[in-house]
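Data block below; observations after.
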Amino acid sequence: MKRSKKFISEVLSTLKDNIQRTGDPFGIKSVYWTGWTKGLNLPRSGETILLTARMYQMLPYIIQITGLVASARPFISRSGLATIVNVGNRIMGDKIIKVKSLGSKNIRSKGKKVLTGIVNALSAIGQRPAYLYEDEPYSGVLLYDLGLDEYIEDHIKKVYSLLKSHNVKKVIGVDPHTVFMLKEIYPKYIKNYDIEVKHYLEILSENKDALRKACKKSLDKEFVIHDSCYMTRELGIIEQVRRISASLGITILEPENTKLDTACCGGPIEYAFRDLTEKVSETRIQELVGVSKNILVECPICLINLRKYEKKMGIKVWDIGELLFGAL
Amino acid sequence: MDIKESQALRSTLLQEIGKCRACRFCIDVCPSYQATEWVENMSPYGRLQILKYLINGTLDEDDPLIYSLYSCLQCGRCDRLCKAKGQNLEVSNLIRLGKYLLSQGLVKGKKSEKV
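From first to last, the protein sequence lines stand for chains W and G. Note that the numbering used here numbers the first sequence so that position 120 is 120, with each residue one more than the last. Here the numbering used here runs 1000 ahead of the position in the second sequence, where the first position is 1.
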């Protein structure tokens, strides 16, 4: 709690500068988000695009940055705060790509499997969306969450005009935060907003019979589901993931606090308050582990927050995209 | 945000917070309230009160208050509870708008403005 004002001030200023300078929350200019597409031959243009908004690809960097800030914070003196935040700032940007932290390889390959699974599933029901590769934008959801409304409009207009310049009419999102931004927040800033936005789970659910036929193997396993806050309460996407799971032969178990009453994983505040995040996620993981050691999530932020307990509690956290990857 | 917008936002926030009937059902479902073992400042109701007193000048921005407001997870469990109890306040969005107001003084390079 100590020095929170100064710390938050540094975080807000850094985020604003990074987005304005590079369009990326970490200020990374190098294209780090296209590697997963290797071998998939996704078309570069089309009226319907798959928008990852870099969310699964940025997970290794989130782990590195939050880890750095958390490990350094206890050692900082009263006057040393600015120094440590500046160290964080220096590591932000392209230099972070050179920092290799333990475990980042695992989360990178997990993210790749999730995205490939989504593409395979869409392909199995006859949908072949385009991908914008190096032009793919970030949605700006962190600006919104942190109340940096003054800078959102500029970012949203840039993203919208980029999508229009690619003649995009429909966006298929892969995470609830991006879909929420494009569906609920963008129309507030863009007059006559005309881009249709859907989460991939909605599309798969509408075609669940075709998906079932395309499954090469039934997974025949039990999972306890952790619903995402944004997915359920903001987007109303609740039964879709359950229908798809049934198509894959999976049995879904419901924990305490599920569907519209789902409990947060703690992820949204990890950028600054790791201690509190851990307390929140520990409460949630206890609820889930009581039901099953196989935990199913549908959001990249929930994925990195809950998978921290894999070794400690002998559990396994799966994203629904990974299960699609395994079944198709 | 210019002065007019800022005043309009303060007024909207005060009006909306004024609708809270202090039933406090929202506090029990808040994950940060649970995690801090029942510190009311870390609950939706507590955060709305902090915002109200920051806006009307009773409180001054300090570390604990900033911690309280910025540790809101924006998970929306309080919104659902408020709706279920018939009041239907967008609690998490009010807290988010409070952050917007605070950001005027927190983002570097801006002309600092006290809430």
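Think of the CB as a built atom: it goes at the ideal place given N, C-alpha and C, for glycine as much as any other residue.
query: Do the stretch 126–140 of chain W and the stretch 38–50 of chain W touch if we need at least three Cβ pairs shorter than 8 angstroms?
result: yes
- prompt: What residues from the stretch 138–158 of chain W come within 9 angstroms of chain G, judged by C-beta to C-beta, listed N to C?
  reply: Y144, D145, L146, G147, L148, D149, E150, Y151
Alpha carbon of K170 of chain W to alpha carbon of E196 of chain W, nearest angstrom: 5 angstroms
query: Are the stretch 1003–1011 of chain G and the stretch 259–275 of chain W in contact at 8 angstroms, needing three or more beta carbon pairs?
result: no
message: One question on the structure: do L1081 of chain G and V1029 of chain G come within less than 8 angstroms of each other, judged by their Cβ atoms?
response: yes
- prompt: If we ignore side chains and look at the alpha-carbon of each, how far apart do V241 of chain W and R1010 of chain G end up?
  reply: 40 angstroms
query: Residue ranges of each beta strand (DSSP E) run of no fewer than 3 residues wholly in the stretch 186–270 of chain W, ordered along the chain?
result: 196–199, 222–225, 251–253
query: Can you find a C-beta in chain W that's less than 8 angstroms from the C-beta of G1057 of chain G?
result: no
task: Using a Cβ-Cβ cut-off of less than 8 angstroms, give me the residues of the stretch 1032–1049 of chain G that come near chain W, in sequence order.
output: S1032, Q1034, A1035, T1036
- request: Assuming I304 of chain W contacts I118 of chain W (C-beta within less than 8 angstroms), just tell me the rounded distance between them.
  value: Between I118 of chain W and I304 of chain W the Cβ distance is about 17 angstroms, and since that is not below 8 angstroms, they are no contact.
message: For S228 of chain W, count the other beta carbons within 10 Å of its own beta carbon; 16 or more makes it buried, fewer makes it exposed. Which is it?
response: buried
- prompt: Of the choices G:Q1049, G:Y1067, G:T1058, G:P1064, whose alpha-carbon is the least far from that of Q1015 of chain G?
  reply: G:Q1049
query: When you compare only the Cα positions, how much space is there between A327 of chain W and R212 of chain W?
result: 10 angstroms
query: Can you name the residues that DSSP bridges to W318 of chain W?
result: W:L296
field: Straight-line Cα distance separating I320 of chain W from L201 of chain W
entry: 9 angstroms
message: So, at 7 angstroms on beta carbons, what are the nonlocal neighbours of L204 of chain W in its own chain, with the 5 sequence-adjacent residues on each side left out?
response: A121, I125, L211, I244
query: Anyone know if the C-beta pair for I237 of chain W and H199 of chain W falls short of 8 angstroms?
result: yes
- prompt: So which residues on chain G does C229 of chain W lean against when the C-beta distance must stay under 9 angstroms?
  reply: L1073, Q1074, C1075, G1076, R1077
query: Within 8 angstroms (strictly less), CB to CB, does E1016 of chain G reach chain W?
result: no
CB contact check: S247 of chain W to chain G, cutoff 8 angstroms: no
query: Under a Cβ-count criterion, where at least 16 other Cβ atoms within 10 Å of its own Cβ denotes burial, should W1038 of chain G be classed as buried or exposed?
result: exposed
Those residues which DSSP pairs with V171 of chain W across a bridge: W:I49, W:V197
field: Minimum Cβ-Cβ distance from D1062 of chain G to chain W less than 8 angstroms
entry: yes
message: I need the DSSP call for A351 of chain W, collapsed to helix, strand or coil.
response: Absent from the structure is residue 351 of chain W, since the part of chain W shown begins at 1 and ends at 328.
field: Under 7 angstroms (Cβ pairs) to chain G, residues found in the stretch 268–279 of chain W
entry: P268, I269, A272, F273, L276, K279
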